[in-house]
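In our numbering, the protein residues as written are 13 to 173.
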Amino acid sequence: MKTIDHDDLDSLSAEARQSPRQRMNRNLHGELADPVQRLAIAMEPGTYIRPHHHRQTWEILTPLRGRFVVLSFDDSGVVVGRAVLGEDTCVVEIPVGGWHAVLSLDEGGVIFEVKCGPYAPFKEEDFASWSPAAEDQAHGELMRWFAHARVGERWSGCGEA
């Protein structure tokens, strides 16, 4: 039996705080080639989850500790769905190919993710073209917008606001 206990969450969060990306994961699946990927991800509020999609799989997210804004977008960057995991929502399923982003609201937040494998690293085309890269300082502005973005709104940094 595999488990993740509260001490594991504390340890994972401590690792995330020390990481330059402000996140760290612990896999329950044994190998990256496993057909179902299952992982806990500690995400500090400063981590940038660039809007992206998974072309071949759905994704399920549920909070283990803390709150997370989950936004879904259309192709042009208009918000088509918003949920706050750990506050008003317990589980979110992102459909195959659905553009989405996650914002951690709380220090020590840990989210649990399930999706089809095998693991495939992101390619540039998996990221929303209207979103800034992690190296672009504009990502901080986008993250601040994530916190209050509502369905029907589009980030002004998208170009044609």
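Backbone N, C-alpha and C define an ideal beta-carbon position, used for all residues, glycine too.
Item: Quick check on the burial criterion: 16 or more other C-beta atoms within 10 angstroms. Buried or exposed for Tyr1?; Value: Since the displayed the chain opens at 13 and closes at 173, residue 1 lies outside it and no answer follows.
Item: For Ser25, report the span of its alpha helix (DSSP H) as first-last.; Value: 18-30
Item: Assign Ala159 to one of three DSSP states: helix, strand, or coil.; Value: coil
Item: What would DSSP say about Ala52, mapped onto helix, strand or coil?; Value: strand
Item: So, is Gln49 buried or exposed, given that buried needs 16 or more other C-beta atoms within 10 angstroms?; Value: buried
Item: Just the Cα atoms here: how many angstroms apart are Glu147 and Tyr60?; Value: 10 Å
Item: Apart from the five residues on each side of it in sequence, which residues of its chain come closer than 8 Å, Cβ to Cβ, to Arg166?; Value: Ser88, Gly89, Val90, Val91, Ala173
Item: Rounded to a whole number of angstroms, what is the C-alpha to C-alpha distance between Ala54 and Ile123?; Value: 6 Å
Item: Closest to Phe9 by C-alpha separation, out of Glu56, Ala52, His66, Gly42, would be which residue?; Value: Residue coverage of the chain in this structure runs from 13 to 173, which leaves residue 9 outside it and unanswerable.
Item: Exposed or buried, Glu56, counting other C-beta atoms within 10 Å across all chains shown (16 or more means buried)?; Value: buried
Item: Use the C-beta contact count for Ile106: other C-beta atoms within 10 angstroms, 16 or more gives buried, fewer gives exposed.; Value: buried
Item: For Arg33, collect the residues of the same chain with a Cβ closer than 7 Å to its Cβ; drop the 5 residues on either side in sequence, then sort them by chain order.; Value: Thr59
Item: If you compare alpha carbons, which of Glu99, Asp138, Ala113 is closest to Ala78?; Value: Before going further, note that residue 78 is Gly rather than Ala in the sequence given. Checking every option, the nearest Cα to that of Gly78 belongs to Glu99.
Item: Among Ala26, Asp138, Pro144, Met13, which one has its Cα closest to the Cα of Leu40?; Value: Met13
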